[in-house]
Every structure is written in C-alpha cells, then in structure tokens.
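S.K.: Chains as they are written, first to last, in the working numbering: chain A, 1 to 363; chain B, 1001 to 1127.
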Amino acid sequence: MKRTVLHETHSGLGAKMAEFAGWLLPTWYSGIIEEHERVRKAAGIFDVSHMGEIMAEGPDAGEFIQKLVTNNIENMKTGRARYSPMCYPNGGTVDDILIYKLSDTKYLLVVNAANTEKDFNWMKSMACGRTEIKDVSGEYALLAVQGPRAVHILKKMTDFPLESMKPFDFVGSVPVAGVDCMLSRTGYTGEDGFELFVSPWDAKQLWDKILEEGKDEGLVPAGLGARDTLRLEAAMPLYGHELSEDITPLEAGLERFVKFDKGDFTGRDALLKQKEEGLSRQLTGFEMLDSGIPRNGHRVQVGDEVIGFVTSGSFIPTMKKNVGMALLKRKYCKMGTEIEVVVRNKTLKARITKLPFYTRKGE
Amino acid sequence: MIIKEGLKYSKEHEWVRVEDGEAYVGITDYAQNALGDVVFVELPEIGAGLNAGDSLGVVESVKAASDVYTPVAGTVIKVNQELTENPGKINESPYEAWIAVIKLSDPSQLDELMDEKEYKEFCSKEG
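1. Compare the Cα-Cα distances from A/Ser280 to each of A/Leu328, A/Pro237, A/Met236, A/Gly263 and report the closest residue.
2. Whole angstroms are fine: how far does the CA of B/Leu1056 sit from the CA of A/Asp202?
3. Look at A/Phe265 and A/Thr131 and say whether their C-beta atoms are less than 8 Å apart.
4. Closest Cβ-Cβ distance between A/Thr27 and chain B: below 8 Å?
5. Helix, strand or coil: how does DSSP classify A/Ala252 here?
6. Going by beta carbon distance, what residues of the same chain come within less than 7 Å of B/Asn1051, once the five residues before and after it are set aside?
7. If you reduce the DSSP assignment to three classes, tell me which class A/Cys374 lands in.
8. Please state whether DSSP places A/Ser30 in a helix, a strand or coil.
9. Just how far apart, CA to CA, sit B/Leu1035 and A/Arg38?
10. Is the CB of B/Lys1008 under 8 Å away from at least one CB in chain A?
11. Could you tell me which uninterrupted beta strand (DSSP E) segments, each at least 3 residues in length, are contained entirely in the region 58-99 of chain A, listed from first to last along the chain?
12. Flag this pair as yes or no: are the beta carbons of A/Pro89 and A/Gly313 separated by less than 8 Å?
13. What are the start and end residues of the alpha helix (DSSP H) that includes A/Gly12?
14. I want to verify the contact list: residues of chain B whose CB lies under 8 Å from the CB of A/Ile366, in sequence order.
15. Is B/Val1076 close to chain A, meaning its C-beta is less than 8 Å from at least one C-beta of that chain?
16. Which bits of chain A does B/Val1058 rub up against, with CB to CB less than 9 Å?
17. Would you mind telling me which residues of chain A sit closer than 9 Å to B/Glu1040, beta carbon to beta carbon, in chain order?
18. Could you tell me which chain B residues have their CB closer than 8 Å to the CB of A/Thr229, listed as they occur along the chain?
19. How close, in whole Å, do the beta carbons of A/Thr311 and A/Asn296 come, if the pair is a contact with beta carbons under 8 Å?
20. Could you name the residues of the region 203-227 of chain A whose beta carbon sits closer than 8 Å to any beta carbon of chain B, in the order they occur along the chain?
21. Checking the sheet assignment: what are the DSSP bridge partners for A/Arg351?
22. Residues in its own chain within less than 6 Å of A/Val151 by CB, not counting five upstream and five downstream?
23. Looking at the C-beta of A/Lys16, does it have a partner C-beta in chain B at a distance below 8 Å?
24. Hey, would you say A/Ile371 sits closer than 8 Å to A/Thr229, going by beta carbons?
25. Comparing C-alpha positions only, which one of A/Gly129, A/Lys124, A/Tyr83, A/Leu102 sits nearest to A/Val111?
26. At what residues does the beta strand (DSSP E) containing A/Trp201 begin and finish?
27. Along the chain, where does the alpha helix (DSSP H) that runs through B/Trp1098 open and close?
28. Using a Cβ-Cβ cut-off of 6 Å (strictly less than) and excluding sequence neighbours within five positions of B/Ile1077, which residues of its own chain qualify?
29. Residues bridged to A/Met182 by DSSP?
30. Evaluate A/Glu53 with the Cβ neighbour count: other Cβ atoms within 10 Å of its Cβ, from every protein chain shown; 16 or more gives buried, anything less gives exposed.
31. Three-state secondary structure (DSSP) at A/Asn115?
32. According to DSSP, is B/Asp1114 helix, strand or coil?
33. B/Asn1091: buried (16+ other C-beta within 10 angstroms of its C-beta) or exposed?
See the structure below:
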C-alpha cells in the first residue's frame, strides 16, 4: 500500500489510517464530525497527496485536451483551472479531472488517485500531434487548506495578494512559509479554500507551519472521512460513486460541464444522443424519513419496482440528517417523491430533495 | 483506553456484565475508538432468541456500519432505546451504553470470555 510523505506526521497526530485507492491515508484525527464542523466554521488542512498529476505538454497539448474532455478549454487563460469530465466514446466516464493551464503549451491534469494509471494509459492512447504525456504524480505532494478562515491563515504566510484570486485561479510559483508552491483557489469541500502543490521534500515543513499558524484561527488537521461528508453535503461527485464507466456526466447532472457546441470531443456523439433521446435515469438527492443510513450500493425501490441505487450516503454533520445521492429512473426524481431505500433487508422510507444539501453563505 | 474491572470481554470487542443471570452487552472503549463518531444504532428485537455469535444489532459510524455480535446465547429481554435518540453515548461512555440485555440460556459460555487482564493483553496485540 502506498503512503504519502506525511505518513509519519499523521501517525504522530494520532490519525486513524485506512486504505483508499491503494493508499494508506488518514481517515480522521479527532473525529469526522468535529473536523467537518471546523472546516465549515473555521478551517481544516488535508493531505491529499494521493491525487494523481499528469502533465500534457507540447504545441498541440491544448488541442489534445480539448478533444479529450467534455468541457471547453479553448478560451481558458493561463493561471486558470477548470473542472471537466473525461469520457469514453460510449459516453461512460473515464474520470473527472481538474485542468490547470500552465501555459499555451503546458497543462497539468489532476486526476483521482484510483484512476491515475488508467487515465494515463487512456490519455496516451488518445494522444495526437505534438503532445508529450507524463505521469508526474511523484513530483507533488498536495495539501488542501479549506474553510472560511483559510485565506486569513495563508495570508500570514505569504506576501502574495490571495484576496485577488478568484475561485479556480492559480499561481504557478509562489512562496508560502518559504516553500515554493503552486497555489490554487480550489477544493472539494464546498467552502472557500486553497490547494498547495509542493515538492514532497517540502511537504512536512509546510504542513507543520500551516498547522501552527492556523491554530489560533481554529484550523485542525482533517482526514478523508470529513472530506467525504463535506463533498457529499456540497453534492460534489466522487468517481466510482456518482460517476463511473457506466454513468455518463449527463446522468450525474453535470451537463454544464459538457459543451456540445465546442466541436468534436470523445463521447460527444453518444452524449448528444442520450440528451436528445432524454435521460432514463438521473442523479438525485434524497433524505431519509425512517431512521437508518443509506450507503453506496443500497437498492432503491417504489413498491415492487426497483428504480435505482444509492451512489453515496451518510449522516451529514451540518444538517444532522441521514441523506444520500442516488441514480434513479427519471420519473421518480421529482422533488418530494417518496421512495424506499433497502438497508440490510429493511425497506426504509425516504424523500427526494434538492441538491446540494449545503450551500455556502454568499453563494 | 479504558478497560473496566468485573466485566467479561469478547474477541470482537464486546463487553458483558452479568446481573442475576441477565447479561448486559455493549461495545468496548477500544471498539468505539476504532469506529469513531457513532451516529446510528440498530437494536435487536425484544424476545429474539440468539446463539453466541449472532448479530445483536448494528452500530454505524459516519463512515460505515459494523455488526455487534452477542458473545452469549439467550433471549433478548431489554433493549437500550436511549441509544436510538443519542447514539453518541457509545462514544462518551461505552460501558454504560449497553445495547441489549440477554437472559442467559447457557451461563457456562461466560467462562470462555476474557477477563479485564486477558482483554487488555488481547488489545495490546491488536495494536
């Protein structure tokens, strides 16, 4: 099992470690609920070094990515990041990724840990023109500082005007606490926050410094458990749950990231056909009416009819409710519709609700 | 980690406290600490006849559901409804947060369980 460079640091902080995507990662330190609440109210720091990084470089790199992903990157400026699904010709999802434009000829693609090798091979097989594709995952550790106090904490550690950064802006090289970082205003929690790409050699120094500087602002180390409940509240998809080779971005409610008008891209024909014919199933939110917690894979039904399955579910700390997302036959996705979730052979009542469960104030 | 004197312990990290042939069963401090924040408890049905090793219910943390097994056979005569309202009690005071009371059908099974000393050693080996 792979370990991040901060493994010993996490153990020293008393983290409970568990396997995720072939990595041994901190699930929680003080407790998932406590860490979740701190991120919503103050700040948390996450080690997400397991994320994969793939570099696409060359005169045709932009054109290559434009054909590879469903979002439009043509008008993208250097110093901007953009989220996009990446599809197979049949419309199924290879992965959902973040595209960082380093220059007109250089793009860093941040991919899900579990998919790094698959994505790399897929990209190699799709490469066209003068584009070099390299798996550079080993060159980066990745720290995420998330929460309303994140900007205040990092401001103490850099002269760079962080407030001037809009969401999805990044700077390629900036010193934070004396450590050279690629710093982006991105995250996976539904809060304001930053992600810091650093050399693995510098990761511990930066982690320790952020913990120290952040303490007075209420920052705590946060694990993958809180990351999962935070993203679920914000209804952000997790590959392998809301997206997969068998689930298209349209079904997952990501049509705003599928740009049919940008010209050809892999999966376009299949996705356009699906859109024109109308979706037969759709990702939807629900909350439990009976007591019980829905989990990934639980069957959803109405009477005798199986109408789909739960993709993610949990107790969510902000609302203190048991909720989930499910991929359901479309006619049952109307708000307020009562459905049944089968939890350990018991049929529990639930109701369709709108997504996301949580929206940050001011949005 | 707290291990209470006078209780019996199972390898699955359940504790048993016997009063007049009735066994209170819960999960240990070690178990609650490994689970993390408990947010849901599924209790057994009163009157259920259980063999040792049968499921006594389910304890769910934020992340996952875990079965609780009864280390002793018998009939469920009481369940702790308080845990339905306040599942976090399992984290706060695991040795008070009993899940169910079982009328023992074979008290000799208690001899197969560990005492606090043996359990302490068992836990240290689990790491």
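Yeah, the Cβ is synthetic: ideal placement off N, Cα and C, and Gly gets one too.
M.R.: Reading from the atomic positions:
1. Checking every option, the nearest Cα to that of A/Ser280 belongs to A/Leu328.
2. Spanning the two alpha carbons is a distance of roughly 49 Å.
3. No, the pair does not count as a contact, with Cβ atoms beyond the cut-off.
4. For A/Thr27, a Cβ of chain B is located within less than 8 Å of the residue's own Cβ.
5. A/Ala252: coil per DSSP, three-state reduction.
6. Around B/Asn1051: Ala1073.
7. Because residue 374 of chain A is not part of the residues shown, which for chain A are 1 to 363, the question remains open.
8. Coil, per DSSP.
9. Taking the straight line joining both Cα atoms gives about 20 Å.
10. Not flagged as an interface residue toward chain A: B/Lys1008, since no C-beta distance is shorter than 8 Å.
11. Those beta strand (DSSP E) runs which fall completely within the region 58-99 of chain A and span 3+ residues are 81-87.
12. No.
13. Segment 7-12, the alpha helix (DSSP H) holding A/Gly12.
14. With chain A represented from 1 up to 363, any question about residue 366 of chain A goes unanswered, as that position is not in the structure.
15. Not an interface residue.
16. Neighbours of B/Val1058 in chain A, taken as residues whose beta carbon is under 9 Å from its own, are Arg344 in chain order.
17. Reading off the sequence shown, one finds Phe at residue 1040 of chain B, where the question assumed Glu. By Cβ distance, chain A contributes Ser291, Gly292, Ile293, Phe315, Asn322.
18. Those are Val1062, listed as they occur along chain B.
19. Indeed, because the Cβ distance is near 6 Å, the residues count as touching under 8 Å.
20. Contacts with chain B (Cβ-Cβ distance below 8 Å) from the region 203-227 of chain A involve Gly225, listed in chain order.
21. Its beta-bridge partners are A/Glu287, A/Glu338.
22. So the qualifying residues of the chain are Leu162.
23. With 8 Å as the cut-off, A/Lys16 counts as an interface residue toward chain B.
24. Absent from the model: residue 371 of chain A. The displayed extent of chain A is 1 to 363, so no value can be given.
25. Answer by Cα proximity: A/Tyr83.
26. Run containing A/Trp201: none; DSSP gives neither H nor E here.
27. First-last for B/Trp1098: undefined, no H or E at that position.
28. Correct list, in chain order: Val1101, Lys1103.
29. In the DSSP assignment, A/Met182 is bridged to A/Phe197.
30. Result: buried.
31. Three-state DSSP puts A/Asn115 in a helix.
32. It should be pointed out that residue 1114 of chain B corresponds to Met in this sequence rather than to Asp. DSSP places B/Met1114 in strand when its eight states are reduced to three.
33. Taking every protein chain shown into account, the CB of B/Asn1091 has 16 or more other CB atoms within 10 angstroms, so this residue is buried.
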